[in-house]
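Student: Residue numbers (the working numbering): 13 to 350. All residues carry an ideal CB built from backbone N, CA and C; glycine is no exception. This is the structure I have questions about; it appears just below.
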(Lines of atoms letter the chains of each structure in order from A and count residues from 1; the text may use other names and numbers.)
(Lines give C-alpha, C1' and ligand atoms only; values in the text may rest on other atoms or scores of the structure.)
Protein backbone atom coordinates (compact mmCIF):
# COMPACT_ATOMS: atom_id res chain seq x y z
CA UNK A 1 0.00 0.00 0.00
CA UNK A 2 1.51 3.37 -1.00
CA UNK A 3 2.53 5.73 1.80
CA UNK A 4 0.30 8.72 2.42
CA UNK A 5 1.39 12.32 2.03
CA UNK A 6 1.96 14.07 5.35
CA UNK A 7 1.37 17.80 5.99
CA UNK A 8 4.95 18.72 4.95
CA UNK A 9 4.59 16.79 1.67
CA UNK A 10 1.26 18.42 0.88
CA UNK A 11 2.58 21.91 1.61
CA UNK A 12 5.65 21.30 -0.56
CA UNK A 13 3.44 20.24 -3.47
CA UNK A 14 1.21 23.28 -3.03
CA UNK A 15 4.23 25.62 -2.90
CA UNK A 16 6.01 24.31 -6.01
CA UNK A 17 4.74 27.02 -8.33
CA UNK A 18 5.46 26.56 -12.02
CA UNK A 19 7.62 23.48 -12.41
CA UNK A 20 10.50 24.03 -14.86
CA UNK A 21 11.12 21.69 -17.77
CA UNK A 22 14.32 20.12 -16.44
CA UNK A 23 15.17 17.49 -13.86
CA UNK A 24 13.33 17.53 -10.52
CA UNK A 25 15.44 16.24 -7.61
CA UNK A 26 13.60 14.95 -4.53
CA UNK A 27 15.74 14.72 -1.40
CA UNK A 28 15.02 13.36 2.06
CA UNK A 29 11.71 11.69 1.20
CA UNK A 30 11.71 8.87 3.74
CA UNK A 31 8.53 7.13 2.57
CA UNK A 32 8.35 7.61 -1.19
CA UNK A 33 5.02 9.41 -0.98
CA UNK A 34 6.45 12.75 -2.11
CA UNK A 35 8.49 11.28 -4.97
CA UNK A 36 5.48 9.28 -6.17
CA UNK A 37 3.28 12.39 -6.16
CA UNK A 38 5.89 14.33 -8.13
CA UNK A 39 6.19 11.57 -10.73
CA UNK A 40 2.42 11.73 -11.16
CA UNK A 41 2.71 15.52 -11.52
CA UNK A 42 5.75 15.95 -13.80
CA UNK A 43 6.54 12.47 -15.13
CA UNK A 44 9.82 10.58 -15.27
CA UNK A 45 12.00 13.67 -14.84
CA UNK A 46 12.06 12.94 -11.09
CA UNK A 47 15.28 11.73 -9.46
CA UNK A 48 15.18 10.80 -5.76
CA UNK A 49 18.00 10.61 -3.25
CA UNK A 50 18.01 9.79 0.45
CA UNK A 51 21.07 9.57 2.65
CA UNK A 52 19.68 6.53 4.49
CA UNK A 53 19.80 3.20 2.67
CA UNK A 54 16.65 2.09 4.50
CA UNK A 55 14.73 5.15 3.28
CA UNK A 56 16.23 4.80 -0.19
CA UNK A 57 14.84 1.28 -0.46
CA UNK A 58 11.39 2.46 0.65
CA UNK A 59 11.41 5.15 -2.03
CA UNK A 60 12.57 2.65 -4.66
CA UNK A 61 9.70 0.30 -3.77
CA UNK A 62 7.23 3.19 -3.97
CA UNK A 63 8.47 4.21 -7.42
CA UNK A 64 8.86 0.69 -8.82
CA UNK A 65 7.22 0.49 -12.24
CA UNK A 66 5.81 3.99 -12.04
CA UNK A 67 8.71 6.06 -13.36
CA UNK A 68 11.37 8.17 -11.71
CA UNK A 69 14.84 7.10 -10.65
CA UNK A 70 16.50 6.55 -7.28
CA UNK A 71 20.23 7.31 -7.03
CA UNK A 72 22.56 6.76 -4.05
CA UNK A 73 24.80 9.76 -4.79
CA UNK A 74 23.82 13.32 -3.86
CA UNK A 75 25.87 14.95 -6.60
CA UNK A 76 24.36 12.65 -9.21
CA UNK A 77 20.85 13.55 -8.06
CA UNK A 78 21.54 17.29 -8.27
CA UNK A 79 23.38 17.30 -11.60
CA UNK A 80 21.31 19.34 -14.10
CA UNK A 81 18.48 19.71 -11.58
CA UNK A 82 16.20 22.66 -12.32
CA UNK A 83 14.12 22.19 -9.17
CA UNK A 84 15.09 20.68 -5.83
CA UNK A 85 12.24 19.54 -3.61
CA UNK A 86 13.67 18.92 -0.17
CA UNK A 87 12.55 17.59 3.18
CA UNK A 88 14.76 19.72 5.42
CA UNK A 89 17.52 17.71 7.12
CA UNK A 90 18.25 17.96 10.83
CA UNK A 91 21.84 18.98 10.15
CA UNK A 92 22.74 22.48 8.96
CA UNK A 93 25.91 21.03 7.45
CA UNK A 94 23.82 18.63 5.38
CA UNK A 95 21.66 21.54 4.21
CA UNK A 96 24.74 23.57 3.30
CA UNK A 97 26.17 20.76 1.20
CA UNK A 98 22.85 20.30 -0.60
CA UNK A 99 22.54 24.03 -1.32
CA UNK A 100 26.13 24.41 -2.54
CA UNK A 101 25.96 21.29 -4.69
CA UNK A 102 22.67 22.42 -6.23
CA UNK A 103 24.12 25.80 -7.23
CA UNK A 104 27.27 24.21 -8.65
CA UNK A 105 25.73 21.25 -10.50
CA UNK A 106 22.16 22.32 -11.14
CA UNK A 107 20.90 24.50 -13.96
CA UNK A 108 21.72 28.21 -14.08
CA UNK A 109 18.32 29.07 -12.57
CA UNK A 110 17.93 26.11 -10.19
CA UNK A 111 15.70 26.77 -7.22
CA UNK A 112 15.01 24.95 -3.97
CA UNK A 113 11.68 24.34 -2.24
CA UNK A 114 12.43 22.95 1.22
CA UNK A 115 9.86 21.95 3.81
CA UNK A 116 9.78 20.80 7.40
CA UNK A 117 7.90 20.78 10.67
CA UNK A 118 8.02 24.22 12.27
CA UNK A 119 9.30 22.82 15.58
CA UNK A 120 12.42 21.51 13.82
CA UNK A 121 13.11 24.65 11.75
CA UNK A 122 15.41 27.51 12.79
CA UNK A 123 16.36 30.91 11.34
CA UNK A 124 19.82 29.45 10.73
CA UNK A 125 18.34 27.40 7.89
CA UNK A 126 17.48 30.64 6.07
CA UNK A 127 21.06 31.82 6.59
CA UNK A 128 22.52 28.58 5.25
CA UNK A 129 20.37 28.74 2.12
CA UNK A 130 21.20 32.44 1.79
CA UNK A 131 24.90 31.61 1.50
CA UNK A 132 24.16 29.82 -1.79
CA UNK A 133 21.08 31.69 -3.10
CA UNK A 134 20.31 35.37 -3.58
CA UNK A 135 16.67 35.14 -2.53
CA UNK A 136 15.29 33.15 0.40
CA UNK A 137 11.81 33.48 1.85
CA UNK A 138 9.43 31.40 3.96
CA UNK A 139 5.86 30.39 3.18
CA UNK A 140 2.97 30.86 5.55
CA UNK A 141 2.72 28.06 8.07
CA UNK A 142 0.09 25.35 7.71
CA UNK A 143 -0.59 22.36 9.93
CA UNK A 144 2.59 23.11 11.90
CA UNK A 145 4.63 22.96 8.69
CA UNK A 146 6.45 25.56 6.63
CA UNK A 147 8.37 25.82 3.37
CA UNK A 148 11.52 27.79 2.54
CA UNK A 149 12.03 29.00 -1.05
CA UNK A 150 15.55 29.65 -2.36
CA UNK A 151 16.29 31.04 -5.83
CA UNK A 152 19.01 32.93 -7.68
CA UNK A 153 22.12 30.74 -7.36
CA UNK A 154 25.23 32.54 -6.13
CA UNK A 155 28.80 31.85 -7.24
CA UNK A 156 29.94 29.57 -4.41
CA UNK A 157 32.82 27.24 -3.67
CA UNK A 158 32.37 23.58 -2.77
CA UNK A 159 33.70 23.15 0.78
CA UNK A 160 32.52 19.53 1.19
CA UNK A 161 33.99 17.22 2.24
CA UNK A 162 35.73 19.07 5.06
CA UNK A 163 38.70 17.62 6.94
CA UNK A 164 40.54 18.04 10.24
CA UNK A 165 43.75 16.45 11.52
CA UNK A 166 43.67 15.03 15.05
CA UNK A 167 47.27 14.96 16.20
CA UNK A 168 46.60 12.75 19.24
CA UNK A 169 45.40 9.98 16.91
CA UNK A 170 47.62 10.95 13.95
CA UNK A 171 44.43 10.80 11.89
CA UNK A 172 42.82 13.16 9.39
CA UNK A 173 39.03 12.88 9.55
CA UNK A 174 36.99 13.69 6.44
CA UNK A 175 33.29 14.47 6.57
CA UNK A 176 30.51 15.22 4.11
CA UNK A 177 27.65 17.37 5.35
CA UNK A 178 25.26 14.65 6.54
CA UNK A 179 27.92 12.60 8.38
CA UNK A 180 27.38 12.42 12.14
CA UNK A 181 29.76 14.61 14.21
CA UNK A 182 31.43 16.04 11.12
CA UNK A 183 35.19 16.24 11.46
CA UNK A 184 34.93 16.15 15.27
CA UNK A 185 35.44 13.03 17.37
CA UNK A 186 32.38 12.83 19.61
CA UNK A 187 32.58 12.00 23.31
CA UNK A 188 31.19 8.47 22.95
CA UNK A 189 33.76 7.57 20.29
CA UNK A 190 36.52 9.02 22.49
CA UNK A 191 35.48 6.79 25.39
CA UNK A 192 35.34 3.73 23.13
CA UNK A 193 38.74 4.49 21.58
CA UNK A 194 40.25 4.12 25.05
CA UNK A 195 39.05 0.50 25.21
CA UNK A 196 40.24 -0.77 21.83
CA UNK A 197 43.58 -1.99 23.19
CA UNK A 198 41.64 -4.52 25.27
CA UNK A 199 40.12 -6.29 22.26
CA UNK A 200 41.13 -9.89 21.84
CA UNK A 201 43.73 -10.68 19.18
CA UNK A 202 42.14 -12.25 16.12
CA UNK A 203 42.82 -13.11 12.50
CA UNK A 204 39.08 -12.94 11.84
CA UNK A 205 36.91 -10.10 10.62
CA UNK A 206 36.51 -7.02 12.82
CA UNK A 207 33.45 -4.87 12.06
CA UNK A 208 32.94 -1.20 12.84
CA UNK A 209 29.16 -0.98 12.66
CA UNK A 210 27.65 2.48 12.19
CA UNK A 211 31.12 3.63 11.24
CA UNK A 212 30.28 7.29 10.66
CA UNK A 213 33.37 9.08 9.35
CA UNK A 214 35.55 6.02 9.93
CA UNK A 215 37.47 7.04 13.06
CA UNK A 216 37.15 3.70 14.87
CA UNK A 217 37.74 1.71 11.68
CA UNK A 218 40.94 3.65 10.97
CA UNK A 219 42.35 2.90 14.43
CA UNK A 220 41.26 -0.75 14.25
CA UNK A 221 43.01 -1.15 10.88
CA UNK A 222 46.36 -0.37 12.54
CA UNK A 223 46.06 -3.61 14.51
CA UNK A 224 43.78 -5.95 12.57
CA UNK A 225 44.17 -7.08 8.96
CA UNK A 226 40.50 -7.62 8.11
CA UNK A 227 38.40 -4.60 9.10
CA UNK A 228 34.97 -3.93 7.63
CA UNK A 229 33.20 -0.60 8.21
CA UNK A 230 29.42 -0.45 7.66
CA UNK A 231 26.97 2.45 7.76
CA UNK A 232 23.45 3.04 6.48
CA UNK A 233 24.33 6.62 5.49
CA UNK A 234 25.69 7.44 2.04
CA UNK A 235 27.48 10.50 3.47
CA UNK A 236 29.08 8.43 6.22
CA UNK A 237 30.32 5.80 3.77
CA UNK A 238 31.82 8.43 1.46
CA UNK A 239 33.47 10.11 4.46
CA UNK A 240 34.83 6.84 5.89
CA UNK A 241 36.37 5.87 2.55
CA UNK A 242 38.40 9.08 2.61
CA UNK A 243 39.30 8.85 6.31
CA UNK A 244 40.41 5.21 6.13
CA UNK A 245 42.38 5.85 2.91
CA UNK A 246 41.82 2.40 1.46
CA UNK A 247 42.88 0.47 4.58
CA UNK A 248 39.33 -0.71 5.32
CA UNK A 249 36.49 -2.38 3.40
CA UNK A 250 33.79 0.31 3.71
CA UNK A 251 30.23 -0.75 2.86
CA UNK A 252 26.82 0.86 2.85
CA UNK A 253 24.48 -1.53 4.61
CA UNK A 254 21.50 -1.94 6.90
CA UNK A 255 22.98 -3.11 10.18
CA UNK A 256 24.49 -6.60 10.10
CA UNK A 257 21.98 -7.98 7.60
CA UNK A 258 24.55 -8.36 4.82
CA UNK A 259 26.91 -10.53 6.88
CA UNK A 260 26.87 -14.32 7.01
CA UNK A 261 26.21 -16.40 10.10
CA UNK A 262 29.21 -16.90 12.43
CA UNK A 263 31.46 -14.85 10.13
CA UNK A 264 32.71 -12.08 12.45
CA UNK A 265 35.17 -12.21 15.35
CA UNK A 266 34.55 -8.73 16.78
CA UNK A 267 31.94 -6.01 16.40
CA UNK A 268 32.69 -2.49 17.63
CA UNK A 269 29.99 0.17 17.46
CA UNK A 270 28.94 3.63 18.54
CA UNK A 271 25.35 3.15 17.37
CA UNK A 272 22.92 6.02 16.73
CA UNK A 273 19.82 6.46 18.84
CA UNK A 274 18.12 8.96 16.54
CA UNK A 275 16.38 8.40 13.23
CA UNK A 276 16.12 11.86 11.71
CA UNK A 277 14.82 14.14 14.45
CA UNK A 278 13.19 11.38 16.51
CA UNK A 279 14.82 9.28 19.21
CA UNK A 280 14.65 5.65 18.12
CA UNK A 281 16.62 2.73 19.54
CA UNK A 282 14.95 0.17 17.26
CA UNK A 283 17.86 -0.18 14.79
CA UNK A 284 20.36 -0.74 17.61
CA UNK A 285 18.14 -3.28 19.37
CA UNK A 286 17.78 -5.15 16.07
CA UNK A 287 21.57 -5.06 15.63
CA UNK A 288 22.15 -6.48 19.12
CA UNK A 289 19.79 -9.36 18.39
CA UNK A 290 21.47 -10.01 15.03
CA UNK A 291 24.93 -9.96 16.60
CA UNK A 292 24.20 -13.39 18.11
CA UNK A 293 23.85 -14.71 14.55
CA UNK A 294 26.86 -12.98 13.03
CA UNK A 295 29.48 -13.46 15.76
CA UNK A 296 31.53 -16.63 16.08
CA UNK A 297 31.15 -18.40 19.45
CA UNK A 298 33.21 -16.39 21.94
CA UNK A 299 33.23 -13.37 19.62
CA UNK A 300 33.10 -9.87 21.11
CA UNK A 301 30.48 -7.14 20.79
CA UNK A 302 31.81 -3.86 22.19
CA UNK A 303 29.40 -0.91 22.30
CA UNK A 304 29.36 2.64 23.60
CA UNK A 305 25.98 4.22 24.28
CA UNK A 306 24.14 6.69 26.48
CA UNK A 307 23.74 5.13 29.90
CA UNK A 308 19.97 5.71 30.01
CA UNK A 309 19.32 3.55 26.94
CA UNK A 310 17.78 0.08 27.50
CA UNK A 311 20.52 -2.04 25.97
CA UNK A 312 22.01 -4.04 28.86
CA UNK A 313 19.14 -6.57 29.16
CA UNK A 314 19.29 -7.24 25.41
CA UNK A 315 23.07 -7.58 25.46
CA UNK A 316 22.85 -10.18 28.22
CA UNK A 317 20.60 -12.23 25.97
CA UNK A 318 23.51 -12.47 23.53
CA UNK A 319 26.00 -13.55 26.23
CA UNK A 320 27.92 -12.50 29.35
CA UNK A 321 28.22 -8.70 29.44
CA UNK A 322 30.56 -6.46 31.45
CA UNK A 323 30.95 -2.70 31.72
CA UNK A 324 34.43 -1.68 30.56
CA UNK A 325 34.20 2.08 31.09
CA UNK A 326 31.73 4.77 32.00
CA UNK A 327 31.55 8.51 32.38
CA UNK A 328 28.74 10.94 33.17
CA UNK A 329 26.94 10.19 29.90
CA UNK A 330 28.18 6.94 28.34
CA UNK A 331 28.83 3.27 29.01
CA UNK A 332 31.22 1.00 27.14
CA UNK A 333 30.22 -2.65 27.40
CA UNK A 334 31.69 -5.91 26.13
CA UNK A 335 29.48 -8.90 25.40
CA UNK A 336 30.85 -12.35 24.57
CA UNK A 337 28.83 -14.49 22.21
CA UNK A 338 27.58 -17.41 24.31
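Bridge partners for residue 344 per DSSP, in chain order?
Tutor: 316 and 337
Student: Is the beta carbon of residue 240 less than 8 Å from the beta carbon of residue 217?
Tutor: yes
Student: Based on Cα-Cα distance, which residue from 322, 298 and 309 lies nearest to residue 349?
Tutor: Answer by Cα proximity: 309.
Student: Rounded to whole angstroms, what is the Cα-Cα separation between residue 27 and residue 117?
Tutor: 23 Å
Student: Go through the region 242-282 residue by residue and report every complete run of the alpha helix (DSSP H) that reaches 4 residues or more, in order.
Tutor: Counting only runs of 4 or more, we get 246-256.
Student: Which runs of the beta strand (DSSP E) at least 3 residues long sit entirely within the region 179-224? Give them in chain order.
Tutor: 183-187 and 218-221
Student: Assess, as a yes-or-no matter, whether the region 274-284 is touched by the region 306-324 under the definition of 3 or more beta carbon pairs within less than 8 Å.
Tutor: Look at the beta carbons and you see the region 306-324 touching the region 274-284: at least three pairs across the two are nearer than 8 Å.
Student: Within a Cβ cutoff of 8 Å, which residues of the same chain sit near residue 146, ignoring the five residues on either side of it in sequence?
Tutor: The beta carbon of residue 146 lies closer than 8 Å to those of 163, 164, 165 and 166 in the same chain, with the five residues before and after it left out.
Student: Given this structure, state the Cα-to-Cα distance separating residue 42 from residue 174, to the nearest angstrom.
Tutor: 26 Å
Student: If residue 248 and residue 225 are in contact, beta carbons under 8 Å, what's the gap, nearest whole angstrom?
Tutor: 7 Å
Student: Within a Cβ cutoff of 8 Å, which residues of the same chain sit near residue 103, ignoring the five residues on either side of it in sequence?
Tutor: Counting only Cβ-Cβ distances below 8 Å, and skipping sequence neighbours, we find 189 and 190.
Student: Over the uninterrupted beta strand (DSSP E) stretch that includes residue 165, give me the two end residues.
Tutor: 157-165
Student: Can you check which of these residues, 336, 264 and 195, is closest to residue 85 by C-alpha distance?
Tutor: 264
Student: Contact check, residue 157 vs residue 194 under 8 Å by CB: the rounded distance?
Tutor: Incorrect: roughly 28 Å between the Cβ atoms, too far for contact.
Student: Here's a check: name, in chain order, each residue in its chain whose Cβ is nearer than 6 Å to the Cβ of residue 81, leaving out the five neighbours to either side.
Tutor: 59
Student: When the Cα atoms are used, what is the spatial distance from residue 215 to residue 236?
Tutor: 7 Å
Student: Would you give the residue range spanned by the alpha helix (DSSP H) that residue 171 belongs to?
Tutor: Segment: none, residue 171 is in no alpha helix (DSSP H) and carries neither H nor E.
Student: State the Cα-Cα distance for the pair residue 307 and residue 204, rounded to the nearest angstrom.
Tutor: Approximately 20 Å, taken between the alpha carbons.
Student: Take the Cβ of residue 197 as the centre, count every other Cβ of all protein chains shown within 10 Å, and call the residue buried at 16 or more, exposed below.
Tutor: buried
Student: Anyone know if the C-beta pair for residue 39 and residue 96 falls short of 8 Å?
Tutor: yes
Student: Around the Cβ of residue 1, are there at least 16 other Cβ atoms within 10 angstroms (buried) or fewer (exposed)?
Tutor: Since the displayed the chain opens at 13 and closes at 350, residue 1 lies outside it and no answer follows.
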